[in-house]
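Numbering (the working numbering), first residue to last: 152 to 596.
Structure below.
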């Protein structure tokens, strides 16, 4: 291959190929891993459902046990693999400079990738309210970073920062099959760099990762094609209060989780942590066994059932149950995202409000999509990303103005509660942890 490559007379072409090749390779690997992870995650959720139908009381043992194992894997082998993965990627991008790049190894790498997958799958089997989308972003960024690390010394220098950003975008695109969402996410959430500096690499990475996922799974939408038509102007008077409620609920959930994480730092021993995790696991099991099995899982089933069946309306307690599930699961310290659970919680709020207002099927579908958008926006504070993701997941571009209106209002409400997003707060915590670790391991002067 090198001999054939050397025969090319155009030096600019050779340079462009060398610059693009690492992105192509990393994107292909990312697409494959994302598909495998998605299948494993779906099987884990299916196994949880089957076990719940056969012997739901067993979860009073299974859930605490799985929560403890999920936390233990992260705590022992890769502490920065815990949680969503998006704050870790944001921190890695901030540290992607020659003076601090050594810190990125703790945030992104092969060990992080493996622990992230295994820990999150164990949490899912135990009924944890976690998603795979945030973890896929950290996994993809780890793949792109490792490819960059493996480049030989003679290879043209490629921006580590751009590789990580492109990896994160490719991960989101392949997780949701939303290429535009991946691109907008990279620009809005991950970096303030001008788009021109890395647009070719970003587009290439997203396209190749997405095409790899498509070739393995076939053409699909993350959710499907909900029926959306015949809306009167009056539907706006349902969307506005929904946007306010989801903005309050999402940002409120984030604040509660962050408060629990701060209080958890007072637990000094492993046994204290295990006791805390077991209590969370027992509460999670009780929520599902004694109240409703829909408390378990990522929440995708709620989105699908409300959008594509005649059961549009949900009981009033379902949103509270879904929010409480995230509050009980995320702080345990295992791996697992909050992206899909946020979408599921928002969908349930929309379905409840649609039932109270006795809306038609298509109007209910619109409120469900707006609920998803508003709740996700209040967590991420990325209204463009949330809007594009929901639109691409359902091919519902005819309701784009309603979706964007919801995102705008939910973002304003979230900013009123806290100027910093859930992810930004966690990113600052990870950066502080890395600084503390570096100071601890430095030899005395």
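Cβ coordinates follow ideal geometry from the N, Cα and C atoms, glycine included. Bear in mind the structure is a predicted one, so any value in this text is a computation, not a measurement.
- Per DSSP, residue 360 has no beta-bridge partner at all.
- For residue 389, the enclosing alpha helix (DSSP H) has its first and last residue at 387 to 415.
- According to DSSP, residue pairing for residue 488 in a beta bridge involves 282.
- DSSP, reduced to helix, strand and coil, places residue 437 within a helical segment of the structure shown.
- Here residue 274 is not near residue 432, since their CB atoms are 7 angstroms or more apart.
- In this structure, residue 293 sits away from residue 246, with a CB-CB distance that is not shorter than 7 angstroms.
- DSSP places residue 501 within a helical segment (H, G or I) once states are collapsed to three.
- Residue 231: not part of any alpha helix (DSSP H); DSSP gives it neither H nor E.
- DSSP, read as helix, strand or coil, puts residue 532 in coil.
- Taking C-alpha positions only, residue 395 is separated from residue 561 by approximately 6 angstroms.
- Collapsing the DSSP output to three states places residue 190 in a helix.
- Bounds of the alpha helix (DSSP H) holding residue 335 are 330 to 336.
- Going by C-alpha positions, residue 547 is about 27 angstroms away from residue 477.
- DSSP places residue 470 inside the alpha helix (DSSP H), whose first and last residues are 468 to 480.
- Residue nearest to residue 196 within the set 286, 521, 183, 277 is 277 (criterion: CA-CA distance).
- Ranked by Cα distance from residue 281, the options 451, 509, 519, 567 are led by 451.
- Within the segment 172 to 228, the runs of alpha helix (DSSP H) at least 4 residues long that lie entirely inside it are, in chain order, 210 to 228.
- Taking a contact as a CB-CB distance under 8 angstroms, the pair residue 581 and residue 531 does not count as one, their CB atoms being some 17 angstroms apart.
- Cβ neighbours of residue 459 within its own chain (closer than 7 angstroms, five residues either side excluded): 375, 377.
- The beta carbon of residue 262 lies closer than 7 angstroms to those of 228, 229 in the same chain, with the five residues before and after it left out.
- Burial state of residue 209 is exposed, judged by a 10 Å Cβ sphere holding fewer than 16 other Cβ atoms.
- Residue environment analysis places residue 381 among the exposed positions, since fewer than 16 neighbouring C-beta atoms fall within 10 angstroms of its C-beta.
- In the structure shown, residue 547 adopts coil according to DSSP, grouped into three states.
- Rounded to whole angstroms, residue 516 and residue 465 show a C-alpha spacing of 13 angstroms.
- Residue 550 and residue 557 have their C-alpha atoms roughly 11 angstroms apart.
- Residue nearest to residue 545 within the set 587, 444, 332, 448 is 332 (criterion: CA-CA distance).
- Cβ-Cβ separation between residue 238 and residue 577: approximately 4 angstroms, consistent with a contact (criterion under 8 angstroms).
- Contact between the segment 292 to 308 and the segment 488 to 506 is absent: fewer than 3 CB-CB pairs across the two stretches fall below 8 angstroms.
- Just so you know, the alpha carbons of residue 543 and residue 416 end up roughly 39 angstroms apart.
- At a Cβ-Cβ threshold of 7 angstroms, residue 540 and residue 329 count as neighbours.
- The C-alpha of residue 240 is placed about 28 angstroms away from the C-alpha of residue 420.
- Taking the Cα positions, residue 568 is about 13 angstroms away from residue 397.
- Assignment of residue 320 by DSSP, reduced to helix, strand and coil, places it in the helix class.
- Separation of residue 571 and residue 206 (C-alpha to C-alpha, rounded to the nearest whole angstrom) is 43 angstroms.
- In this structure, residue 496 keeps its C-beta atom at 7 angstroms or more from the C-beta atom of residue 519.
- Two segments are said to touch when three or more pairs of C-beta atoms, one from each, lie closer than 8 angstroms; by this definition the segment 179 to 198 does not touch the segment 246 to 257.
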